[in-house]
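Q: Chains as they are written, first to last, in my numbering: chain A, 698 to 993; chain B, 246 to 553.
Ideal Cβ positions, reconstructed from N, Cα and C, are used throughout, including at glycine.
Submitted below is the structure of interest, expressed as structure tokens.
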């Protein structure tokens with residue numbers, strides 16, 4: 698690297714507006730958020746004092762918040778399982794020799810281009826909880842196929858409700874996971890496959906012992922990305938059910954607290970979300986940074 | 246893709262190649278048929294919501310009954326159930342009336358947000374890859390971090406900041422926010438793009454003593470079109486589909502189409518689902534068109550959001 702301010706001054710100057718803006722709007726606001734979460738600013742009035750971790754203690758022992766965490770876990774588990782399963786199966790099927798592959802790929806991926814709000818409109822209808830004669834949506838399909846016992850109240854179910862909310866999310870993002878896996882399949886060197894075939898490996902063994910192991914980094918990053926999306930789920934729930942208790946997750950709970958001007962509480966929920974997200978972000982950033990160094 | 250035209254190796258029996266070929270071949274075609282059947286079934290499953298959206302949007306409210314909810318419309322969209330009553334087309338005109346102002350605003354939001362973030366991202370990507378300075382990697386990681394935070398983590402102080410500064414609850418505030426939070430991903434995409442293309446010309450120009458901005462404008466920028474297509478699509482789609490910032494920072498009288506659609510749909514009971522569904526289709530059309538026309542680049546943006 699060339700030395701001297703004449704060499705590194707201009708590029709640093711060019712990138713400095715971004716550094717300053719993100720310094721304020723990412724790092725500064727995160728710090729401000731943490732600061733607010735340690736005060737008792739529970740209303741519009743600006744007077745507040747430092748209360749330490751009191752808000753965190755209160756929140757973590759509050760039934761409503763624990764309920765929202767449970768909902769989030771339920772949603773996340775079903776969402777991850779669904780997207781990984783469909784994404785993997787689709788990519789595997791499309792991996793070799795499918796004519797019109799592009800059409801299948803485009804169809805599977807297209808829901809990704811639609812907003813959660815728009816898909817919420819139709820899924821609210823599909824997940825209508827009415828049963829029997831009044832059933833519409835998916836329940837109507839079950840009813841007319843003679844599978845009436847499959848009818849259920851979807852997101853109105855007490856324990857499994859969030860699994861129903863995960864369905865539209867799976868519909869929207871399985872194609873994305875497919876695209877990731879497909880890139881992974883295509884990234885397996887052709888010579889490796891040929892070598893395995895030369896050795897007489899059956900097609901199944903070729904996949905089981907040669908291709909699948911190569912996919913684990915892709916599977917890991919898909920897992921990280923999807924979990925990260927799941928943590929933030931907000932749009933979908935707001936558009937299907939609105940901010941109601943049954944389907945409440947931390948992100949929608951935060952909306953409720955912030956719109957009622959409970960700044961301290963909403964900041965506390967946000968900090969907890971950030972901490973949860975960091976479990977995914979930090980290993981990812983470290984890994985990216987390491988591979989950057991290795992490549993240089 | 247290059248790999249697709251592979252000979253089907255499953256057809257070859259494991260031992261003695263050349264003998265006993267018919268049986269494996271039949272098994273192979275069976276498997277292949279099964280695969281296509283599955284793929285087509287999945288296509289239908291994925292398209293179910295689209296069918297529902299289109300069909301329902303053309304039914305007058307009186308025809309949206311539970312028992313016929315999955316059926317095709319029973320009358321033409323210009324016909325009404327009772328004389329003078331609402332028609333299927335009325336869903337569309339109703340949705341259009343409700344969404345049109347917000348649609349216009351969303352274009353005014355999403356297009357500048359996409360262009361400005363992309364341009365700044367291109368400059369950042371350039372100096373972080375091709376015109377580096379000491380500790381550029383640390384700066385890159387610093388910028389990248391903003392891409393991964395849940396935006397809830399900055400929302401409370403951001404809302405407070407908006408109130409304190411008296412910023413309007415309309416798209417001008419959202420434009421600023423989308424530009425700022427779009428910077429990390431645009432920087433990442435351009436940086437990776439510039440690393441991937443050969444730049445002997447740029448190096449030569451640098452050796453000849455050309456300045457940074459001059460090199461960027463005359464040599465790098467003309468090569469950057471593919472990067473711009475990816476970031477513009479990505480940013481446009483994100484800003485268009487955004488609901489989180491819209492909810493927290495704007496209101497229905499000045500906000501984007503996602504907010505207007507949600508407003509339209511939340512009022513919808515079974516009776517006027519048609520309007521809500523027509524609205525969902527209208528609101529999705531711009532991003533869907535982008536996806537259909539520029540799908541390849543759309544996927545490019547998705548992939549850069551992942552690891553490599």
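Taking DSSP as the reference, what is the three-state secondary structure of residue 460 (chain B)?
A: In this structure, residue 460 (chain B) counts as helix in the three-state DSSP scheme.
Q: When the cut-off is 8 Å and only beta carbons count, does residue 306 (chain B) lie next to chain A?
A: Not an interface residue.
Q: Run the CB neighbour count on residue 959 (chain A), radius 10 Å, all protein chains shown included, and call it buried at 16 or more, exposed below.
A: It is buried - the Cβ of residue 959 (chain A) has at least 16 other Cβ atoms within 10 Å.
Q: If you scan the segment 390-452 of chain B from start to end, which runs of the alpha helix (DSSP H) of 4 or more residues do you find wholly inside it?
A: 397-410, 416-441 and 445-452, all fully within the segment 390-452 of chain B.
Q: Span of the alpha helix (DSSP H) holding residue 906 (chain A)?
A: Premise fails: residue 906 (chain A) is in no alpha helix (DSSP H) and is neither H nor E.
Q: In chain order, what residues of the same chain lie with their CB nearer than 8 Å to the CB of residue 504 (chain B), ignoring the 5 residues before and after it?
A: The residues are 347, 488, 491, 492, 495, 496 and 497.
Q: Run through chain B and tell me which residues come within less than 9 Å of residue 925 (chain A), C-beta to C-beta.
A: Residues of chain B passing the Cβ test: 393 and 395.
Q: Whole alpha helix (DSSP H) runs in the segment 830-873 of chain A with 4 or more residues, listed along the chain?
A: Complete alpha helix (DSSP H) runs here, min 4: 834-841.
Q: Tell me whether residue 822 (chain A) is buried or exposed, calling it buried when 16 or more other Cβ atoms sit within 10 Å of its Cβ.
A: With 16 or more Cβ atoms within 10 Å of its Cβ, residue 822 (chain A) is classed as buried.
Q: Under 8 Å, Cβ to Cβ, is there at least one residue of chain A near residue 389 (chain B)?
A: It does; some Cβ of chain A falls within 8 Å.
Q: So residue 895 (chain A) is in the alpha helix (DSSP H); what residue range does that whole segment cover?
A: Taken as a continuous stretch (DSSP letters only), the alpha helix (DSSP H) holding residue 895 (chain A) covers 887-895.
Q: Determine whether the beta carbon atoms of residue 484 (chain B) and residue 502 (chain B) lie at a separation below 8 Å.
A: Cβ distance not < 8 Å, so residue 484 (chain B) and residue 502 (chain B) don't count as in contact.
Q: Can you tell which of B:539, B:392 and B:500 has the C-alpha that lies nearest to the C-alpha of residue 979 (chain A)?
A: Residue B:392 is the option with its Cα nearest to residue 979 (chain A).
Q: Looking only at its chain, what residues have a beta carbon closer than 6 Å to the beta carbon of residue 784 (chain A), apart from the 5 residues adjacent to it on each side?
A: The residues are 871, 874, 875 and 878.
Q: Helix, strand or coil: how does DSSP classify residue 699 (chain A) here?
A: Caution is warranted here: a pLDDT of 49 is assigned to residue 699 (chain A), below 50, making its placement in the model unreliable, and the coordinate value is therefore given only provisionally. Of the three classes helix, strand and coil, the one that applies to residue 699 (chain A) here is coil, per DSSP.
Q: At the 8 Å Cβ level, is residue 913 (chain A) part of the contact set with chain B, yes or no?
A: It does not; no Cβ of chain B falls within 8 Å.
Q: Which residues in chain A sit within 9 Å of residue 481 (chain B), going by Cβ to Cβ distance?
A: By Cβ distance, chain A contributes nothing, its closest Cβ being about 11 Å from residue 481 (chain B), past 9 Å.
Q: What does residue 444 (chain B) reach in chain A if we use C-beta pairs closer than 9 Å?
A: Within chain A, no residue comes near residue 444 (chain B); the closest Cβ sits about 15 Å away, beyond 9 Å.
Q: Between residue 819 (chain A) and residue 343 (chain B), is the Cβ-Cβ spacing less than 8 Å?
A: Contact: no.
Q: Can you grab the Cα-Cα spacing for the pair residue 481 (chain B) / residue 893 (chain A), in whole Å?
A: Approximately 45 Å between the Cα atoms of the pair.
Q: With distance defined between alpha-carbon atoms, name the residue in B:375, B:478 and B:374 nearest to residue 362 (chain B).
A: The option with the nearest alpha carbon to residue 362 (chain B) is B:478.
Q: Do we get a CB-CB distance below 8 Å when we pair residue 951 (chain A) with the residues of chain B?
A: Closer than 8 Å: yes.
Q: If we count the other Cβ atoms within 10 Å of its Cβ and call it buried at 16 or more, is residue 285 (chain B) buried or exposed?
A: Exposed, by the Cβ-count rule.
Q: Using C-beta distances below 7 Å, list every residue in its chain close to residue 355 (chain B), excluding the 5 sequence neighbours before and after it, in chain order.
A: Around residue 355 (chain B): 481, 484 and 485.
Q: Measuring CB atoms only, is the segment 879-898 of chain A touching the segment 786-806 of chain A, in the sense that at least three cross pairs come out at less than 8 Å?
A: Yes, since at least three Cβ pairs between the segment 879-898 of chain A and the segment 786-806 of chain A fall closer than 8 Å, the two stretches touch.
Q: Please return the same chain residues whose Cβ sits closer than 7 Å to the Cβ of residue 300 (chain B), not counting the five positions on each side in sequence.
A: Taken in chain order, the residues that qualify are 317 and 318.
Q: Count the other CB atoms, across all protein chains shown, that sit within 10 Å of the CB of residue 397 (chain B); report buried if there are 16 or more and exposed otherwise.
A: Residue 397 (chain B) comes out buried.
Q: Kindly indicate if chain A contains any beta-carbon less than 8 Å away from that of residue 407 (chain B).
A: Output row for residue 407 (chain B): interface = no.
Q: Using 8 Å as the limit for Cβ to Cβ distance, is residue 968 (chain A) near chain B?
A: At least one chain B Cβ lies under 8 Å of residue 968 (chain A).
Q: Check residue 765 (chain A) in the structure and name its three-state DSSP category.
A: Reduced to three states, the DSSP call for residue 765 (chain A) is helix.
Q: If residue 746 (chain A) sits next to residue 752 (chain A), beta carbons under 8 Å apart, how far is it from one beta carbon to the other, in whole angstroms?
A: Wrong, their Cβ atoms sit about 12 Å apart, outside the cutoff.
Q: For chain A, check one thing: does any of its Cβ atoms lie closer than 8 Å to the Cβ of residue 365 (chain B)?
A: It does: the Cβ of residue 365 (chain B) has a partner Cβ on chain A nearer than 8 Å.
Q: Roughly how many whole angstroms lie between the Cα atoms of residue 454 (chain B) and residue 460 (chain B)?
A: Cα to Cα, the separation comes out at about 10 Å.
Q: Give me whichever residues DSSP pairs with residue 736 (chain A) in a beta bridge.
A: DSSP lists A:747 as partners of residue 736 (chain A).
Q: Closer than 7 Å by C-beta to residue 536 (chain B): which residues in its own chain qualify, once you throw out the five before and the five after it? Chain order, please.
A: Closer than 7 Å at Cβ, skipping near neighbours: 543.
Q: Quick one: is residue 703 (chain A) buried, meaning 16 or more other Cβ sit within 10 Å of its Cβ, or exposed?
A: Counting Cβ neighbours within 10 Å, residue 703 (chain A) comes out exposed, since fewer than 16 surround it.
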